[in-house]
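Visitor:
Structure (structure tokens):
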């Protein structure tokens with residue numbers, strides 16, 4: 001059974017850019033993207049290889065930045081944490 005991830009209170013929160021509905025338009029996507037990268041970089045998918053995760057808000061920006069994901073794999077502090085390049089997850 002897949003696990004669903006959905007942010008509840010964006011980091012922008014009440015002190016952030018409330019004008020023009022930026023919290024709803026950008027805040028949730030930002031939080032979803034950060035959460036996805038933390039799960040990948042933290043080795044969660046290596047520890048639980050059968051984990052299926054459904055990201056709210058169309059997966060945020062995670063699949064739209066493949067170049068950034070590839071670059072994450074070259075950072076020395078991430079190499080001991082994940083077994084494969086970030087784009088493999």
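In my numbering, the protein residues as written are 1 to 89. In this text, a Cβ means the ideal position worked out from N, Cα and C, and glycines have one as well. Since this is a predicted model, take the numbers as computed values, not measurements.
1. Whose CA, out of 88, 55, 3, 81, lies closest to the CA of residue 34?
2. Kindly indicate which three-state DSSP category residue 5 falls into: helix, strand or coil?
3. Out of 26, 52, 84, 46, which one is the CA nearest neighbour of residue 5?
4. In terms of residues, what are the limits of the alpha helix (DSSP H) holding residue 53?
5. Does DSSP put residue 37 in a helix, a strand or coil?
Guide: Taking the structure as given:
1. For this step, residue 34 is matched to residue 34 along the chain shown. Checked all of 88, 55, 3, 81; the closest Cα to residue 34 is 55.
2. Taking the first residue of the chain shown as position 1, residue 5 is located at position 5. Strand at residue 5.
3. To locate residue 5, count along the chain shown from 1; it is residue 5. The shortest Cα separation from residue 5 among 26, 52, 84, 46 belongs to 52.
4. Position 53 of the chain shown, counting from 1, holds the residue named residue 53. It is not in any alpha helix (DSSP H) - residue 53 instead sits in the beta strand (DSSP E) that spans 53–55.
5. Start at 1 with the first residue of the chain shown, and residue 37 comes out as number 37. DSSP places residue 37 in helix when its eight states are reduced to three.
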